[in-house]
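**Student:**
Protein chains: 2
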Amino acid sequence: MPQFAQRMKTMEKSANIIKGLFGAMNDPGLISFGGGAPAREALPVDIVREIATDIIRTDKKGVEALQYGSVMGLPELREVVVNDLLAPKGVNAKAENILITSGGLEGINLLCQIYIDPGDIILVESPTFVHCVEIFEMFEAKCIAVDMDQNGMVTEDLEAKIIKHKPKMVYVIPTFHNPTGRTLSLERRKTIAGLGSKYDVIILEDDPYRDIRYSGSDLLPIKSFDKTGHTVLANSFSKIFSPGSRLGYVLASDEITSKLFDAKTATNSHTSMLPQVICAEFFKRGYYPQHHKKICDLYRQRRDTMIECIDKFFPEGTKRTFPDGGLFTWAELPGGINTTDLLVESTANPHVKVVYVAGEGFFTQGGGMGSNCMRISFGSVDPEKIRTGIERLGSLICSKLK
Amino acid sequence: MPQFAQRMKTMEKSANIIKGLFGAMNDPGLISFGGGAPAREALPVDIVREIATDIIRTDKKGVEALQYGSVMGLPELREVVVNDLLAPKGVNAKAENILITSGGLEGINLLCQIYIDPGDIILVESPTFVHCVEIFEMFEAKCIAVDMDQNGMVTEDLEAKIIKHKPKMVYVIPTFHNPTGRTLSLERRKTIAGLGSKYDVIILEDDPYRDIRYSGSDLLPIKSFDKTGHTVLANSFSKIFSPGSRLGYVLASDEITSKLFDAKTATNSHTSMLPQVICAEFFKRGYYPQHHKKICDLYRQRRDTMIECIDKFFPEGTKRTFPDGGLFTWAELPGGINTTDLLVESTANPHVKVVYVAGEGFFTQGGGMGSNCMRISFGSVDPEKIRTGIERLGSLICSKLK
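Chains as they are written, first to last, in the numbering used here: chain D, -19 to 382; chain B, -19 to 382.
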């Protein structure tokens, strides 16, 4: 058979990590703190049923939902993004700068498509979201890790690495970061936007969790401080509406948007229409505020239970983050426990049967970084199961320290 | 601003052609023989309404339609592809070798993602589908044209060019070819599958029109003659169900499928669930045969009207194809008329107001090839308007020959 493209080699490692993730997520016999899927209770099934029935009733809307649509996305949905999602967060945007994508990740893919040549450098947080690393590696970029602390990416280290490595792009998940749940401070948001402009580097702000905050107060996006068009904001409807709909959006400057148009055309022409029509209607009918409150209340309770149980059942010396929103907490275990090895046991042991994501895969630099860490997702597990799962996982961990 | 990736340069020309196409298609004041969109009467709006109402009624199906799904696509839809679409066409496939894509074009994109390095050669028909050329050029492939005659790609020329250029891939639209409406003969289908195996070249069979045939008899796909896994079949639900749903599929060998999985994961994780659930149900409830008959009857009438009117109103010396299915006919005008120049007049002249697609853009070799040709789509225009539009366009053409 003909040789596969070079990029299939460079993405192999991260692709294998992802394959492992997807595999474990779907085993119904396990308590899964693994995936980043929303709770099924957080999916607006009843509202979608009502809207779908209504909109396909009229022939005009029905045809719109089934016929070819525009590359940039449904105009109404782009208006929703501008007015309902961005304006309240302090971002002034025009609908013509919004491209609707097939999920938030596609925005990342398209931005790589237009900017990344093989060998280009992308600076990423340490740790960072492994699924995006897979995308970066498919584009044969080289990822270099920038230090993080409890306030997110360390901007001094970022600036030093921009100067040293001359990256094409900086990838940041500023709010309720995946995998750590941490949030980038306001001061650093300003600084990062400024560094993009100063050093002529694209800042890719990936912000899918920002709208599900359970405590603390909203921070302006990096994009709101961007004066030169170097920051590109990618976001998703997965956490606030439905992940299966595969809806996301990118906000970028005119120049970048025009190239994103070309890349989107050559990827899949446009995003599926029926989900776009339904999602736009979901906002236009005013369902979002009540739905948003409902899911935030739901997740807040799960987060609180998760934190309480980790503090109760995990061994002394465990460090964990306290996420003000999003779906993840991050724990660092004491005593040199290797979480990759532990995962084999925690899934196979009939007294545990718990899945999480081992920390190592989130560190692009390798070298055993994060080998004592785990990403624990609380979004899709009900409080009672969180209690059971964390108690079991905690005993397993404690048993290793004896 | 940072420099765009190299691929944005190589795709520029075809991207501009596509942008022109999309622009003209949407002007409601024109009679458009331009786009390849299905008729609005061919969209199963009533059936989709019924299904959507039903399936979102049950919580299980509702959650399935809104939650994350599998990278490979909805299992039921992959079974539909195997049993309802491929088996009747003489292709024996297993569901595990079917990847559901976001429209047929995404399959082409993903196959390039896994196979094409910059500088790789792709052999294409002359003329060929410009939208796919855009994809090939985004992957920095070099397209080389292979001769066509009324029976499709000329296999002697194909073999000579395989030997000469050592391509990575051959791109063929075998049935009711875009833009010409021609169909590749059975003998040549066998030959092309064999050439793929013999010379270790991927044969990309793009077959979105094959299921809408109005006359003549079905021919086995190239894939049915593939003994080595070199042929990859990409297809689409756009013409038989709904283009706005963005649903397509790829049938490939185990080895290729495993890489397509990685590329799909790093593109948009999976295809939107609600359209997949509805489309699978459309087939499972047995609606397809009656819908298929309805749309074939509708398009047959339009094709017949189109052919009749071209023969009546276009000048003597015009050559046109007679498509047994699909959405396009292709006309070659006499007297050195330049169809790119003519298009400016045919859209602007208030007595004409007709859009078609000028032929030149479909020829990758340039040099004025196809400058007297036009692609005329009859799918989305009702017979009366076809008559009006072709009469007007015919008079304009005749006026140029005086």
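Note that beta-carbon positions come from the ideal geometry of N, C-alpha and C, so glycine has one too. It should be emphasised that the depicted structure is a prediction, and the values quoted were computed from it without experimental measurement.
For D:T211 and chain B, any beta-carbon pair shorter than 8 Å?
**Tutor:** Within the first sequence, the letter at position 231 stands for residue 211 of chain D. Judged by the 8 Å Cβ criterion, D:T211 is not in contact with chain B.
**Student:** Taking only three categories from DSSP, how would you classify D:V361?
**Tutor:** Position 381 of the first sequence, counting from 1, holds the residue named residue 361 of chain D. D:V361 falls in the coil class under three-state DSSP.
**Student:** So which residues on chain B does D:P223 lean against when the C-beta distance must stay under 8 Å?
**Tutor:** Locating residue 223 of chain D in the first sequence gives position 243, where the first residue counts as 1. Those within 8 Å of D:P223 in chain B are L46, Q47 and Y48.
**Student:** Tell me D:Y279's beta-bridge partners as DSSP assigns them.
**Tutor:** Locating residue 279 of chain D in the first sequence gives position 299, where the first residue counts as 1. Its beta-bridge partners do not exist; DSSP assigns none.
**Student:** Can you pull the chain D residues whose beta carbon is under 9 Å from the beta carbon of B:S252, in chain order?
**Tutor:** Residue numbering aside, residue 252 of chain B sits at position 272 when the second sequence is read from its first letter. Going along chain D in sequence order, the residues near B:S252 (Cβ under 9 Å) are S82, G83, G224, S225, R226, L227, T251, S252, L254 and P255.
**Student:** Taking DSSP as the reference, what is the three-state secondary structure of D:G387?
**Tutor:** Nothing can be reported for residue 387 of chain D, as the shown portion of chain D is limited to -19 through 382.
**Student:** What is the rounded straight-line gap between the Cα of D:P269 and the Cα of D:L91?
**Tutor:** The residue given as residue 269 of chain D occupies position 289 in the first sequence. The residue given as residue 91 of chain D occupies position 111 in the first sequence. Roughly 31 Å separates the two Cα atoms.
**Student:** Span of the beta strand (DSSP E) holding B:Y151?
**Tutor:** Residue numbering aside, residue 151 of chain B sits at position 171 when the second sequence is read from its first letter. Segment M149 to V152, the beta strand (DSSP E) holding B:Y151.
**Student:** Measure the beta-carbon distance from B:M(-12) to D:I317 and round it to whole angstroms, keeping in mind my assumption that it falls under 8 Å.
**Tutor:** On the second sequence, position 8 is the one that residue -12 of chain B refers to. On the first sequence, position 337 is the one that residue 317 of chain D refers to. Actually they do not touch by this definition, with Cβ atoms about 47 Å apart.
**Student:** Ignoring anything shorter than 3 residues, give me the beta strand (DSSP E) runs that lie fully in the region 284 to 358 of chain B, in order along the chain.
**Tutor:** Entirely contained in the region 284 to 358 of chain B, the beta strand (DSSP E) runs reaching 3 residues are, in chain order, 308 to 312 and 353 to 357.
**Student:** Closest to D:V332 by C-alpha separation, out of D:F293, D:R372 and D:P159, would be which residue?
**Tutor:** If you number the first sequence from 1, residue 332 of chain D lands on position 352. Per the Cα distances, D:R372.
**Student:** Based on DSSP bridge pairs, tell me the residues matched to D:G228.
**Tutor:** Counted from its first residue, the first sequence places residue 228 of chain D at position 248. Partner(s): D:T81 and D:S216.
**Student:** Less than 8 Å between CB atoms is the rule here; does D:Y268 satisfy it with respect to chain B?
**Tutor:** Here residue 268 of chain D corresponds to residue number 288 of the first sequence, with the count starting at 1. False, the Cβ-Cβ gap to chain B never drops below 8 Å.
**Student:** Would you mind reading off the limits of the alpha helix (DSSP H) that contains B:L46?
**Tutor:** Walking along the second sequence from the start, residue 46 of chain B turns up at place 66. It spans D39 to L46 - the alpha helix (DSSP H) in which B:L46 sits, taken as one unbroken run.
**Student:** Does DSSP classify D:E414 as helix, strand or coil?
**Tutor:** Residue 414 of chain D falls outside the range modelled here, since chain D spans only -19 to 382, and no answer is possible.
**Student:** Please list, in chain order, all residues of the same chain as D:V28 whose beta carbon is under 7 Å from its beta carbon, the five residues on each side excluded.
**Tutor:** Taking the first sequence and counting its residues from 1, one reaches residue 28 of chain D at position 48. Within the same chain, D:V28 has close Cβ partners I258.
**Student:** What whole-angstrom Cβ distance do B:I31 and B:A45 have, given they're in contact under 8 Å?
**Tutor:** Here the question's residue 31 of chain B lines up with position 51 in the second sequence. Here the question's residue 45 of chain B lines up with position 65 in the second sequence. In fact, because the Cβ distance is near 11 Å, the residues do not count as touching under 8 Å.
**Student:** Determine the direct distance from the alpha carbon of B:I102 to that of B:H145, and round the result to whole angstroms.
**Tutor:** As a first step, residue 145 of chain B must be located in the second sequence, where it is residue number 165. As a first step, residue 102 of chain B must be located in the second sequence, where it is residue number 122. The alpha-carbon atoms of B:H145 and B:I102 are separated by roughly 9 Å.
**Student:** Tell me whether B:R265 sits in a helix, a strand or coil according to DSSP, three-state version.
**Tutor:** Along the second sequence, one-based indexing puts residue 265 of chain B at 285. B:R265: coil per DSSP, three-state reduction.
**Student:** Tell me whether B:N(-4) is buried or exposed, calling it buried when 16 or more other Cβ atoms sit within 10 Å of its Cβ.
**Tutor:** Your numbering for residue -4 of chain B matches position 16 in the second sequence. B:N(-4) comes out exposed.
**Student:** Determine the direct distance from the alpha carbon of D:M118 to that of B:A243, and round the result to whole angstroms.
**Tutor:** For the purposes of this step, residue 243 of chain B is taken as the residue at position 263 of the second sequence. For the purposes of this step, residue 118 of chain D is taken as the residue at position 138 of the first sequence. Spanning the two alpha carbons is a distance of roughly 8 Å.
**Student:** Less than 8 Å between C-beta atoms, sequence neighbours within five positions excluded: which residues of the same chain meet that for B:L10?
**Tutor:** Here the question's residue 10 of chain B lines up with position 30 in the second sequence. Within the same chain, B:L10 has close Cβ partners A4, T327, K333, V334 and V335.
**Student:** By the three-class DSSP mapping on this structure, what secondary structure does D:I(-2) have?
**Tutor:** As a working note, residue -2 of chain D is residue 18 in the first sequence. Here D:I(-2) sits in helix by DSSP.
**Student:** Strictly by DSSP, which residues pair up with D:V104?
**Tutor:** As a working note, residue 104 of chain D is residue 124 in the first sequence. Beta-bridge pairing links D:V104 to D:A125 and D:Y151.
**Student:** Sorted by chain position, which residues of the same chain lie with C-beta nearer than 8 Å to B:L240's C-beta, five sequence neighbours on each side aside?
**Tutor:** Looking up residue 240 of chain B in the second sequence gives position 260. So the qualifying residues of the chain are L79, L90, L91, I94, V230 and A232.
**Student:** Where DSSP assigns a beta bridge to B:I11, which residues make up the other side?
**Tutor:** As a position in the second sequence, residue 11 of chain B is number 31, starting the count at 1. Partner(s): B:V334.
**Student:** Could you check what DSSP says for D:T211 in three-state terms: helix, strand or coil?
**Tutor:** For this step, residue 211 of chain D is matched to residue 231 along the first sequence. The answer is strand: DSSP assigns D:T211 an E or B state.
**Student:** Distance check for D:L23 and D:E439, CA to CA, integer angstroms please.
**Tutor:** There is simply no residue 439 of chain D to check, as chain D begins at -19 and stops at 382 in what is shown.
**Student:** How is B:R29 classed by DSSP in three states: helix, strand or coil?
**Tutor:** By one-based count along the second sequence, residue 29 of chain B stands at place 49. Helix at B:R29.
**Student:** Look up B:D455 in the DSSP assignment and say whether it is helix, strand or coil.
**Tutor:** Residue 455 of chain B lies beyond the stretch modelled for chain B, which goes from -19 to 382, so this question has no answer here.
**Student:** For D:M354, count neighbouring C-beta atoms within 10 Å of its own C-beta (all shown protein chains included) and say buried if the count is 16 or more, exposed if not.
**Tutor:** For the purposes of this step, residue 354 of chain D is identified with residue 374 of the first sequence, where counting begins at 1. Buried: at least 16 other Cβ atoms inside 10 Å.
**Student:** Is B:N215 closer than 8 Å to B:G84 when the C-beta atoms are compared?
**Tutor:** As a first step, residue 84 of chain B is located in the second sequence; it is residue number 104 there, counting from the start. As a first step, residue 215 of chain B is located in the second sequence; it is residue number 235 there, counting from the start. Yes.
**Student:** Kindly say whether B:T245, judged by its beta-carbon, lies nearer than 8 Å to any beta-carbon of chain D.
**Tutor:** Counting from 1 along the second sequence, the entry for residue 245 of chain B is found at position 265. Yes, its Cβ sits closer than 8 Å to a Cβ of chain D.
**Student:** Determine the direct distance from the alpha carbon of D:E21 to that of D:G389, and round the result to whole angstroms.
**Tutor:** Because chain D spans -19 through 382 in this model, residue 389 of chain D falls outside it and cannot be assessed.
**Student:** Cβ of D:S222 within 8 Å of Cβ of B:S82?
**Tutor:** By one-based count along the first sequence, residue 222 of chain D stands at place 242. By one-based count along the second sequence, residue 82 of chain B stands at place 102. Not in contact: D:S222 and B:S82 (Cβ atoms no closer than 8 Å).
**Student:** Would a C-beta distance cut-off of 8 Å place B:I236 and B:G209 closer than the cut-off?
**Tutor:** As a working note, residue 236 of chain B is residue 256 in the second sequence. As a working note, residue 209 of chain B is residue 229 in the second sequence. Yes.
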